[in-house]
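Below you'll find the structure, written out as structure tokens, and then a few comments.
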Amino acid sequence: MSAIRTNDILEDEAPLTPIYGVPIDHPGAWKAADFKTAADYTIEFTAAQLGDIDRALRQIKAAGLGLDNLQREHFEVPSLRPVIDEIRYQIEDGRGFVVVRRLPVEDYSKDEIGMIFWGIGTHLGRGLSQSVLGDRLGHVKDFSREDPLARAYRNRQELSPHTDSCDLVGLACLRDAQSGGVSRLTSALTVHNVMLQEYPEALERLYRGYVFHRRGEEKPGDLPHTPYRVPVYSNTDDKVSARYVRTYVEAGEAAAGRLMGKAELAVLDRFEEVTKRPELMLEFTLQPGAMYFINNYTILHARTAFDDGHAEEDRRRHLLRLWLDVPQMRPVNPHIKSSGIEAVPGRTPSCDWSRLTSNRN
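Per numbering that gives the first Met the number 0, the sequence shown starts with residue 0, numbered consecutively.
Written out as structure tokens, the structure is:
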């Protein structure tokens, strides 16, 4: 694997990897109509598996273990092996995502559900810090009352299709919203095929990449943006991968003094229009007790805005999130590889995007 190139790469306009110039033929290049019912992408825990999960949890608690020291060997549930194997297969070689249902969340506390979710995650990868808070188990809920500038996973706004800063993303639902909060998944590989056919010049620009903003969560002394371009699409060993968050692109380019003109913004507009086409986007609502796992390089995920109404704190929408590092999952260009966000004491995951994205030509 080649090393990250800095400095000169900001001026070098060549694509960072060869463009994959033919349609991608892979199970991960799907459209919404490929799934007739939710059963086509869903696994349900069996009664026997749930009993084994419960016993494993009780053993963990009896041993006095918590998230800080809960390792794979502490959550050995042999009956779950077929579930873990299917998740891994679909993530690495299949459609790129799996929904798992029927965890009886009403039988457990929030902390116990977190340990179960974390325990499953240990069989898939290594948990990463998701913000300067050092939160390896993220809480996806609306914190905007306390922090008006809260990062996207901590507010209730609509999120457009994007990727995260890891290899594999997991979400588990404790409680759903009063309204909204619909999950949306789009195959980045199918989007690549559409861009290749309809907008080949825009696709070439996406391969060249953009400077990404670090959303105010860089380490002390680091630049507020990447000192290199991050390709939206890259091709490593004939495997196409995606990395994209529009606000990070616009803010990063502005922070680096690289004004984005109308033509540049039009490339992003075309890409986003394709990612949101109804025929490409799979929609579903995660119900309490359901979780999903996605390949962060082949699946773009999003959600609709949600409303908790005036529900009490313990009745508001609440999901748990895992960011997992899975080195063997997929060969990727080092410019898109990200292993979470390092904890920085005294900082919060907040950023004023309206100020950072105003520098347009």
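All C-beta atoms in this analysis are idealised placements derived from N, C-alpha and C, irrespective of residue type, glycine included. Small disclaimer: the values here were computed from a predicted structure and weren't measured.
Identify which residue in the options has its Cα closest to the Cα of residue i.
i: V21; options: V331, V98 and L202; result: L202
i: S178; options: D92, F270 and R315; result: R315
i: G27; options: A187, A250 and A254; result: A187
i: R242; options: H300, I83 and P103; result: H300
i: I298; options: G120, A46 and H191; result: H191
i: C165; options: M290, H138, S130 and R183; result: S130
i: H122; options: L323, N68 and L56; result: L323
i: Q327; options: P77, G208 and E91; result: E91
i: V343; options: G50, R80, M194 and G215; result: G215
i: D51; options: D221, S182 and R80; result: R80
i: R302; options: W29, H25 and S182; result: S182
i: A254; options: E282, T225, D237 and V239; result: T225
i: S159; options: E271, V229, G95 and G113; result: E271
i: F283; options: H334, T185, V168 and R71; result: T185
Taking the beta strand (DSSP E) that residue i falls in, what are its first and last residues?
i: K261; result: It is not in any beta strand (DSSP E) - K261 instead sits in the alpha helix (DSSP H) that spans K261 to T274.
i: V139; result: L136 to V139
i: E252; result: That residue, E252, is in no beta strand (DSSP E); its alpha helix (DSSP H) goes R245 to A254.
i: F96; result: F96 to R100
i: N294; result: M290 to N294
i: L258; result: Where L258 is concerned, there is no enclosing beta strand (DSSP E), given that its DSSP letter is neither H nor E.
i: T41; result: T41 to E43
i: A31; result: No beta strand (DSSP E) contains A31, which DSSP labels as neither H nor E.
i: P344; result: Premise fails: P344 is in no beta strand (DSSP E) and is neither H nor E.
i: P14; result: Counting along the chain, P14 falls outside any beta strand (DSSP E), and DSSP gives it neither H nor E.
i: S128; result: Note, S128: premise wrong, no beta strand (DSSP E); not H, not E.
i: E282; result: M280 to F283
i: V239; result: K238 to A241
i: R174; result: L167 to R174
i: H161; result: L158 to H161
Determine the extent of the alpha helix (DSSP H) in which residue i is found, giving its start and end residues.
i: D324; result: Premise fails: D324 lies in the beta strand (DSSP E), H317 to D324, not in any alpha helix (DSSP H).
i: I115; result: K109 to T121
Please report the Cβ distance between residue i and residue j, rounded to the nearest whole angstrom; I am assuming they are in contact, meaning their Cβ atoms lie under 8 Å.
i: L205; j: V266; result: 7 Å
i: R207; j: E12; result: 6 Å
i: K35; j: L279; result: The pair is not a contact, with the Cβ atoms about 16 Å apart (cut-off 8 Å).
i: V99; j: M290; result: 5 Å
i: A171; j: I112; result: 7 Å
Taking its Cβ as the centre, do 16 or more other Cβ atoms sit within 10 Å of residue i, making it buried, or is it exposed?
i: E249; result: buried
i: L136; result: buried
i: Y40; result: buried
i: N68; result: exposed
i: T162; result: buried
i: S233; result: buried
i: I340; result: buried
i: R359; result: Note that R359 scores a pLDDT of 41, beneath 50, so its modelled location is shaky; the value from the coordinates is reported in the next line. R359 is exposed by the Cβ-count criterion.
i: R57; result: exposed
i: G93; result: buried
i: S240; result: buried
Are the C-beta of residue i and some C-beta of chain B separated by less than 9 Å?
i: G345; result: Reference to chain B is not applicable here, since this structure consists of a single protein chain.
Output the residue ranges of the alpha helix (DSSP H) runs that lie fully inside the region 45-91 and measure 4 residues or longer, sorted by chain position. You should have 46-61 and 80-91.
In the region 187-232, which residue ranges form an unbroken alpha helix (DSSP H) of at least 4 residues, counting only runs that do not cross its ends? Listed in chain order, they are 187-197 and 199-207.
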